[in-house]
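Reviewing the structure listed below.
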Amino acid sequence: MQAFTEHEVCALTAPGALNSTTGSLYVVATPIGNLDDMSVRALKVLREVALIAAEDTRHSLRLMQHFGIATPLAACHEHNERDE
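Mapping of the sequence shown onto the UniProt record's numbering: residues 1 to 84, in sequence order.
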């Protein structure tokens, strides 16, 4: 599995969520600068998925706190990808 860049978040859904019957993987780009440049659709996905996996959880936590997103977050990068 290839690690995500600093400004990408991977969101995983459970079966049945967001019109999915088998589960889905969404790759959601996040703003480099102003967090308010985040799209409405990206925020909807991040709020409704079962898990968010991100390379830099510090960046992702800042974004999630800014928008009040409480979805569980997991680190996913080259140093731990074999563990998961």
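Don't be surprised by glycine CBs; every beta carbon is placed ideally from N, CA and C.
Just so it is clear, the structure is predicted and the values come from calculations on it, not from any experiment.
Spatially closest choice to residue i from the options, by CA coordinates
i   : options            : result
R47 : C76, E55, Q65      : Q65
G33 : L51, C76, A75, L63 : L63
I69 : T57, A75, L43      : L43
R41 : L61, T57, F67      : F67
Cross-strand partners of residue i (DSSP beta bridge)
i   : result
I32 : BP columns for I32 are empty, so no partner.
A75 : A54
Endpoints, the beta strand (DSSP E) within which residue i is located
i   : result
A54 : 51-54
Cβ shell of residue i (< 6 Å), same chain only, five flanking positions each side left out
i   : result
P31 : D37, M38
Residue range of the unbroken alpha helix (DSSP H) whose run includes residue i
i   : result
A42 : 40-48
Cβ shell of residue i (< 8 Å), same chain only, five flanking positions each side left out
i   : result
H7  : Any answer about H7 is weak, because its pLDDT of 49 lies below 50 and its placement is not dependable; what the coordinates show is given next. Here the set comprises A29, T30, P31, I32, H59.
L61 : L73
Cutoff 7 Å; reference residue i; Cβ partners in own chain excluding five residues on either side
i   : result
T57 : L73, A75
L35 : L63, H66
Residue i Cβ short of 7 Å to the ligand MG heavy atom set
i   : result
M64 : The ligand MG is absent from the structure shown, which contains no ligand whatsoever.
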